[in-house]
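Start counting the sequence shown at 23; every next residue gets the next number (this note's numbering).
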Amino acid sequence: MTAGRGNGRQPTMSANDDFVIEPQDVRFRRRPTGHVVMVRGGTEHVVGAVLSAFPLTRAGHMVAVRDEAGEELGMIESLPALDAESRRVLAEVLERSYFMPLVTDIHDIREELNVVTWEVETDRGARTFEVRHVLHNIRRMGRRRIVIKDVDGNRYEVRDWLRLPPLAQRLIHNYL
23 MTAGRGNGRQ
33 PTMSANDDFV
43 IEPQDVRFRR
53 RPTGHVVMVR
63 GGTEHVVGAV
73 LSAFPLTRAG
83 HMVAVRDEAG
93 EELGMIESLP
103 ALDAESRRVL
113 AEVLERSYFM
123 PLVTDIHDIR
133 EELNVVTWEV
143 ETDRGARTFE
153 VRHVLHNIRR
163 MGRRRIVIKD
173 VDGNRYEVRD
183 WLRLPPLAQR
193 LIHNYL
């Protein structure tokens, strides 16, 4: 039972108190080996994974940190609240995990045996990728934004499909 205010007793800690990582209580750094470590309460933990709860809509908020065994170390509510070095290290890890080129043009989309091959131009250069299970791997995020997941798990973003060149709009319209 949690003690109420004003009765002179200290409130008890809930299970969630250990789960939330307070920005002032933690530091992240990269070892020379490349491993990321979290220092919290004088204890160093090697970080195995950094996962965003909302990578497409609220990047940098509600970020889970796991150790090498996959055990949850805690959740950071907002990366901007961390010190500059910690924020930089975690931003690098998240960038690699959620690499998502921006599609700027579509040259061709062809379908054969339920595999859709896309030839596109992105902000990272020309790409060709394949998509299976179109209904599950092409997602509308609002009225004009689209996220496409290829067979290798890579994601591509079309920020506003109505701003693509006319041919690209016609090609993509069949998959919306």
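In this text, a Cβ means the ideal position worked out from N, Cα and C, and glycines have one as well.
When the alpha-carbon of PHE41 is set against those of GLU94, SER74, GLY82, ARG62, the nearest one is in GLU94.
In this structure, the CA atom of ARG166 is about 14 Å from the CA atom of PRO187. Here LEU193 is buried, its C-beta having at least 16 other C-beta atoms within 10 Å. Around VAL58, the same chain offers PHE50, ARG52, VAL69, VAL111, VAL115 as residues with beta carbons nearer than 7 Å, after the five sequence neighbours per side are excluded. In this structure, VAL138 keeps its C-beta atom at 8 Å or more from the C-beta atom of ILE128.
Looking at VAL85, SER119, GLY147, the one whose alpha-carbon comes closest to that of THR126 is GLY147. Counting the other Cβ atoms within 10 Å of the Cβ of HIS67 gives 16 or more, which makes it buried.
Considered as a whole, the stretch 72-133 harbours 83-89, 94-100 as its complete beta strand (DSSP E) runs of no fewer than 3 residues, in chain order. Under the DSSP assignment, ARG62 falls outside any alpha helix (DSSP H), being part of the beta strand (DSSP E) whose first and last residues are 58-62. DSSP places ARG53 outside any alpha helix (DSSP H), giving it a letter other than H or E. Distance from the CA atom of HIS158 to the CA atom of MET97, rounded to whole angstroms, is 28 Å. DSSP places VAL156 in the helix class (H, G or I) of the three-state scheme.
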